[in-house]
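If you're matching them up, the sequences are chains P and B in order. Going by our numbering, the residue at position 168 of the first sequence is 168; the numbering climbs one at a time, nothing skipped. Going by our numbering, the residue at position 51 of the second sequence is 232; the numbering climbs one at a time, nothing skipped. In what follows, a single structure is set out as structure tokens and then discussed.
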Amino acid sequence: MARTLTSSPTSSARRLDLVALLGAVCMFLSAIEYMIPKPIPFLRVGIANLPILISLDLLPVPLLLLLVVLKVLGQGIVGGSLFSYVFLFSAAGSFSSALAMLFVRRIFGGRITLVGVGVIGALCGNAAQILLARVLIFGEGAWLIAPPFLALGTITAVLLGIFAERFAKRSRWLAGIRGSL
Amino acid sequence: MKLKALDFLAILLSLLVIGAFSISAYAGKDAPQDVAIEASGVRWIYPLNVDRQERVPGPLGDTVVIIKGGRAFVDDSPCPDKLCVHMPAISRPGQWIACLPNRVFVRVRGGSGQDVDELSY
Chain P
1 MARTLTSSPT
11 SSARRLDLVA
21 LLGAVCMFLS
31 AIEYMIPKPI
41 PFLRVGIANL
51 PILISLDLLP
61 VPLLLLLVVL
71 KVLGQGIVGG
81 SLFSYVFLFS
91 AAGSFSSALA
101 MLFVRRIFGG
111 RITLVGVGVI
121 GALCGNAAQI
131 LLARVLIFGE
141 GAWLIAPPFL
151 ALGTITAVLL
161 GIFAERFAKR
171 SRWLAGIRGS
181 L
Chain B
182 MKLKALDFLA
192 ILLSLLVIGA
202 FSISAYAGKD
212 APQDVAIEAS
222 GVRWIYPLNV
232 DRQERVPGPL
242 GDTVVIIKGG
252 RAFVDDSPCP
262 DKLCVHMPAI
272 SRPGQWIACL
282 PNRVFVRVRG
292 GSGQDVDELS
302 Y
């Protein structure tokens, strides 16, 4: 996939379409995430991060950030937290996690799989949320929540990473998209 | 699918961070214990071995925290999901109960002077 200054308008239009589609998938996955029973508070599977994980290699940085904005908005709408302080946590977590994943992927490329990328993303996203909790709500008590919160995040990130890696390798739909961009 | 060295490094890094947080958060369990309740930017501290009932104000109303027989638990809270009420009673340092909607955080501390190091990050 050659990305040059002369890339045709149809190609950039296709990319924008892809962002819209993936944003919708994020919103759908947020709804699924919301349905999953949570026996432990703070447990999240984070399946809404799948489209972001997959599009790390697909989209240029500005469009990827646009996708993160769509994801955060979608989550806020589905979870009903759009106008509450919870939304702040969601946004901070999503952005720091996406930026960390982007950073790791751009630096290491094929030397790291989506499992490692996802784990780093989860670590950064969750750490950002803990810092925010430390500042906004719980004071130093936030540190006590940190270990189980980070541990659960690591486990779900590994599982999601395995799924994303397999999906990225095998999906014919994704292969088609790659060819058309 | 085969994991690469950097994947294991990422997981290792994650485990190290979790370990560091655990050590800094749960260290120091010998000192006399007390219960710290944080809400609305205020922290109340009560000894764990004296029975009492406290009403803690939050944005949604009062959360009722009961300390009884060396254990602390949330008896009632005006939050919608009541997760904090369903959480088991806490008695050991490092254990905690949180009511996110009402912004109340209850935890058992390993006594004064054994607090979490605020400068650890």
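Think of the CB as a built atom: it goes at the ideal place given N, C-alpha and C, for glycine as much as any other residue.
* I120(P) and V104(P): beta carbons closer than 8 Å? -> Taking 8 Å as the Cβ cut-off, I120(P) and V104(P) qualify as a contacting pair.
* Establish whether the CB of A191(B) and some CB of chain P are separated by less than 8 Å. => Yes, contact with chain P.
* Along chain B, in chain order, which residues have C-beta atoms closer than 7 Å to that of P147(P)? -> Going along chain B in sequence order, the residues near P147(P) (Cβ under 7 Å) are I199, F202, S203, A206.
* For T154(P), which three-state DSSP category applies? -> Three-state result, T154(P): helix.
* To do: Assess, as a yes-or-no matter, whether the segment 134 to 153 of chain P is touched by the segment 271 to 280 of chain B under the definition of 3 or more beta carbon pairs within less than 8 Å.
  => Verdict: yes, contact present.
* Counting only beta-carbon atoms, is R252(B) nearer than 8 Å to chain P? -> By this cut-off, R252(B) is not an interface position.
* **C-beta neighbour in chain P for L241(B), strict 8 Å** => No - not a single Cβ of chain P is within 8 Å of the one on L241(B).
* **9 Å Cβ cut-off: residues of chain P touching E219(B)** => Under the 9 Å cutoff, chain P gives I137, F138, G139, E140, G141.
* According to DSSP, residues forming a beta bridge with C26(P) -> Answer is none; C26(P) lacks a bridge partner.
* To do: Report yes if the C-beta distance between S94(P) and A122(P) is below 8 Å; otherwise report no.
  => It is not a contact, given that the beta carbons lie outside the stated cut-off.
* Asked: Closest to F286(B) by CA distance: which of P261(B), N230(B), F254(B) is it?
  -> The shortest Cα separation from F286(B) among P261(B), N230(B), F254(B) belongs to F254(B).
* To do: Check each residue of the segment 152 to 171 of chain P: if its Cβ is closer than 9 Å to any Cβ of chain B, include it; give the result in chain order.
  => Residues passing the 9 Å Cβ filter: G153, T154, A157, V158, G161, I162, E165, R166, K169.
* Asked: Would you say L43(P) and I199(B) are within 8 Å of each other, going by their C-beta atoms?
  -> No, these two residues do not count as a Cβ contact at 8 Å.
* Taking G275(B) as the query, report the chain P residues whose CB atoms sit under 7 Å from its CB, ordered along the chain. => Here the neighbours are L144.
* Asked: What residues in its chain sit with their C-beta under 8 Å from that of A133(P), if we drop five residues either side in the sequence?
  -> F89, A142, I145.
* According to DSSP, what are the bridge partners of V216(B)? -> DSSP, once it has assigned bridges, lists Y227(B), V289(B) as partnering V216(B).
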